[in-house]
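Asker: First residue of the sequence shown? That's 1 in the UniProt record's numbering, and the numbers climb one at a time after it. By construction, the Cβ of each residue, glycine as well, lies at the ideal position given by its N, Cα and C atoms. Encoded as structure tokens, here's the structure I'll be asking about.
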Amino acid sequence: MPRAGLDPASVTEAAAALADEIGISQLSMSVVAERLGVKAPSLYKHVDGLADLSHRIAVLAATELGDELRDAMQGRAGRDALAAAAQTVRDYVKQHPGRYAATFVARPADAEGTLTLALDRTLASFAAVLRGYGLEPSDEIHALRMLRSVLHGFGTLEASDGFQMAADVEASFAWVVEFLDRGLRASSL
1 MPRAGLDPAS VTEAAAALAD EIGISQLSMS VVAERLGVKA PSLYKHVDGL
51 ADLSHRIAVL AATELGDELR DAMQGRAGRD ALAAAAQTVR DYVKQHPGRY
101 AATFVARPAD AEGTLTLALD RTLASFAAVL RGYGLEPSDE IHALRMLRSV
151 LHGFGTLEAS DGFQMAADVE ASFAWVVEFL DRGLRASSL
């Protein structure tokens with residue numbers, strides 16, 4: 001009989017919090033079980049193993065980030081939407097490094113799977129930012145990849161203390177947003 005209070009969602013949330021603390025690569029069923037005060041075999045009543053749990057964490061993270069992006073960008077366009085999206089990604093990666101890392105480790109099972117749908121919501125927010133720049137349709141995918149790459153790179157480097165130079169990280173971030181904005185405006189129709 002499953003432990004009262006545990007279900008797939010609560011196990012996933014506990015594992016996601018733990019991944020943020022110790023890193024997704026350090027996560028194991030036994031570590032999650034210890035955190036929850038149960039034996040590792042009892043977790044298999046709620047999830048199908050570590051791969052399934054990591055996948056669930058990725059879905060949770062992509063959903064959370066998609067929701068935060070949507071909320072931050074509400075009613076914004078152009079540079080304002082870009083700055084809101086960039087800050088949202090940056091903040092999410094710093095606050096949830098483990099669960100964010102799960103999103104680029106996990107692979108969608110299929111085009112209609114929960115991870116695909118959750119990741120598509122995040123991509124839709126980035127696409128909304130780019131629509132405000134009036135890019136050529138043939139350039140949109142390139143701009144989307146560039147935006148994701150820059151925000152991912154900055155966020156993960158910052159979250160892992162990868163910026164060791166004495167220059168102010170806030171100033172660098174503002175410079176990146178301004179650079180992206182100028183480049184996107186210069187590429188518009």
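By Cβ distance below 7 Å, which residues in the same chain neighbour leucine 18 in space, the five residues on each side in sequence not counted?
Answerer: Leu27, Val31, Val32 and Arg35
Asker: Below 8 Å between beta carbons: does that hold for leucine 53 and alanine 9?
Answerer: no
Asker: Sorted by chain position, which residues of the same chain lie with C-beta nearer than 6 Å to aspartate 181's C-beta, five sequence neighbours on each side aside?
Answerer: Arg79 and Leu82
Asker: Can you give the Cα-Cα distance for proline 2 and alanine 77, rounded to whole angstroms?
Answerer: Bear in mind that a pLDDT of 46 at proline 2, under 50, signals an unreliable position, so the number given afterwards is only what the model happens to contain. Distance between the alpha carbons of proline 2 and alanine 77: 48 Å.
Asker: Within 10 angstroms of its Cβ, does histidine 55 collect 16 or more other Cβ (buried), or is it exposed?
Answerer: buried
Asker: When you compare each of Asp20, Ile22, Tyr44 and Arg107 to valine 59 by their alpha carbons, which one comes out closest?
Answerer: Of the residues Asp20, Ile22, Tyr44 and Arg107, the one whose Cα lies closest to the Cα of valine 59 is Arg107.
Asker: Is it buried or exposed, residue 204, if we count other Cβ atoms within 10 angstroms and call 16 or more buried?
Answerer: Any answer about residue 204 is impossible in this case: the structure gives the chain only from 1 up to 189.
Asker: Buried or exposed: alanine 84, going by 16 or more other Cβ atoms within 10 Å of its Cβ?
Answerer: Alanine 84 should be labelled buried.
Asker: To the nearest angstrom, how far is it from the Cα of residue 198 to the Cα of tyrosine 92?
Answerer: Nothing about residue 198 can be read from this structure; the chain reaches only from 1 to 189.
Asker: Between Asp48, Leu50 and Val11, which lies nearest to glycine 37 when the distance is taken from Cα to Cα?
Answerer: Val11
Asker: Three or more C-beta pairs closer than 8 Å, one from the stretch 58-73 and one from the stretch 40-49: is that the case here?
Answerer: no
Asker: What number of angstroms, rounded off, separates the C-alpha of phenylalanine 126 from the C-alpha of aspartate 161?
Answerer: Near 25 Å, if we compare the C-alpha coordinates of aspartate 161 and phenylalanine 126.
Asker: Using C-beta distances below 7 Å, list every residue in its chain close to glycine 183, excluding the 5 sequence neighbours before and after it, in chain order.
Answerer: none
Asker: So, using beta-carbon positions, are residue 243 and aspartate 139 closer together than 8 Å?
Answerer: The structure shown has nothing for residue 243, since the chain only spans 1 to 189.
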